[in-house]
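In the numbering used here, the protein residues as written are 4 to 155.
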């Protein structure tokens with residue numbers, strides 16, 4: 004018998020969609036907050052936990068830290084990732100033109116791999132931001148993790 008899809012996702016090696024789904028409000032909050040304070044940019048998520056072979060994304064959480072890198076610093080930041088120059092240039096162009104009202108650009112790093120997404124979620128970044136601010140008590144623990152495990 005094959006495990007449920009949310010358990011199987013970890014076995015396939017591509018778990019990033021579940022990570023995004025699980026953390027969408029926090030990601031949208033951080034992306035919009037970054038935009039408000041620094042303009043266009045990319046949200047970098049550094050996964051700090053090892054993703055188990057089988058994970059139940061409905062109940063298990065994955066630790067990660069976030070950093071918003073503004074548009075003017077993206078090229079130099081990405082040089083350290085060892086991405087090809089053509090990929091970096093395309094990403095810089097995408098960040099210059101994405102619709103910040105409906106989209107967010109997210110780079111997820113985990114165990115030496117990089118996954119880059121231009122997200123167009125059903126919940127806009129501004130709405131994520133407002134929901135997290137309105138329900139701050141629910142999310143506060145996500146922002147008060149031990150050093151190196153922050154979500155903002």
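C-beta atoms are modelled at their ideal positions from N, C-alpha and C, and glycine is treated no differently. Predicted model only: the values in this text are computed from it and were never measured.
Let's test the definition: count the other Cβ atoms within 10 Å of the Cβ of residue i and tell me whether it reaches 16, buried, or not, exposed.
i           : result
residue 1   : In the structure displayed, the chain extends from 4 to 155; residue 1 sits before or after that span and is not available.
residue 113 : buried
residue 140 : exposed
residue 39  : exposed
residue 56  : exposed
residue 34  : buried
In whole angstroms, give me the CA-to-CA distance for residue i and residue j.
i          : j           : result
residue 37 : residue 45  : 9 Å
residue 96 : residue 120 : 14 Å
residue 41 : residue 131 : 18 Å
Is it the case that the Cβ atoms of residue i and residue j are separated by a distance below 8 Å?
i           : j           : result
residue 51  : residue 75  : no
residue 106 : residue 123 : yes
residue 126 : residue 48  : no
Give the secondary structure of residue i by DSSP, where H, G and I count as helix, E and B as strand, and everything else as coil.
i           : result
residue 47  : strand
residue 103 : coil
residue 93  : helix
residue 80  : helix
residue 65  : coil
### Query
Counting pairs of beta carbons, one from the region 123-137 and one from the region 26-43, are three or more of them closer than 8 Å?
yes
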